[in-house]
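Peer 1:
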Amino acid sequence: MDGVPALDVLPTALVCATGLFVAVQLARVEWRVFTAPRADEVPFSNFSRLARRWFGSLLIVLLMVMLLLGVHAFDFRGRYGFFLGYWGAFLLLALALACVAIVDLLDTRRIFHLTRSQALREASERAAGPPANSNG
């Protein structure tokens, strides 16, 4: 593949395009959930979740662009400071994305458990039926 530079870029470009597609779809779906949630999505429709997901999408886009540029556009030979700074920033952004994902996971689990507890409580109240009349 030495003589065909377009084929050298292809694997990285596919990975980056997939990342960009996922980021855009995530942002689009979260906007729909925030503006017009279905009945089962109402507990998950809040601004903090929307902001967290959009920030995560922005980080994914930034990481994909940095990956493509870092692998194919920049020449790091002999520029050790630039290399360390660039890939160090990439690593910090990836760690920030992981932290955003963990916070989102914990919040989603919390909402799920609260919703499930409420549904179980309502189901047990319906199963018990109305309270017995004590006037006998």
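Just so we're aligned: the sequence shown equals residues 407 to 542 in the working numbering. Note that CB positions come from ideal geometry on N, CA and C, so glycine has one too.
Can you find at least 3 beta carbon pairs, one from the region 508-525 and one from the region 466-474, that sit closer than 8 Å?
Peer 2: Judged by Cβ distances under 8 Å, the region 508-525 makes no contact with the region 466-474, as fewer than three pairs qualify.
Peer 1: Between the region 489-496 and the region 443-463, do three or more beta carbon pairs fall short of 8 Å?
Peer 2: These segments do not touch.
Peer 1: Going by the CB atoms, is the gap between GLY462 and LEU503 shorter than 8 Å?
Peer 2: Cβ distance < 8 Å, so LEU503 and GLY462 count as in contact.
Peer 1: Secondary structure at GLU528, three-state DSSP: helix, strand or coil?
Peer 2: If DSSP states are grouped into helix, strand and coil, GLU528 belongs with the helices.
Peer 1: Taking all protein chains shown into account, decide if CYS422 is buried (16 or more other Cβ within 10 angstroms of its Cβ) or exposed.
Peer 2: Label assigned to CYS422: buried.
Peer 1: Would you kindly work out how many angstroms separate the C-alpha atoms of MET407 and GLN431, rounded to a whole number?
Peer 2: No answer about MET407 holds up, because its pLDDT of 43 lies below 50 and its placement is not dependable.
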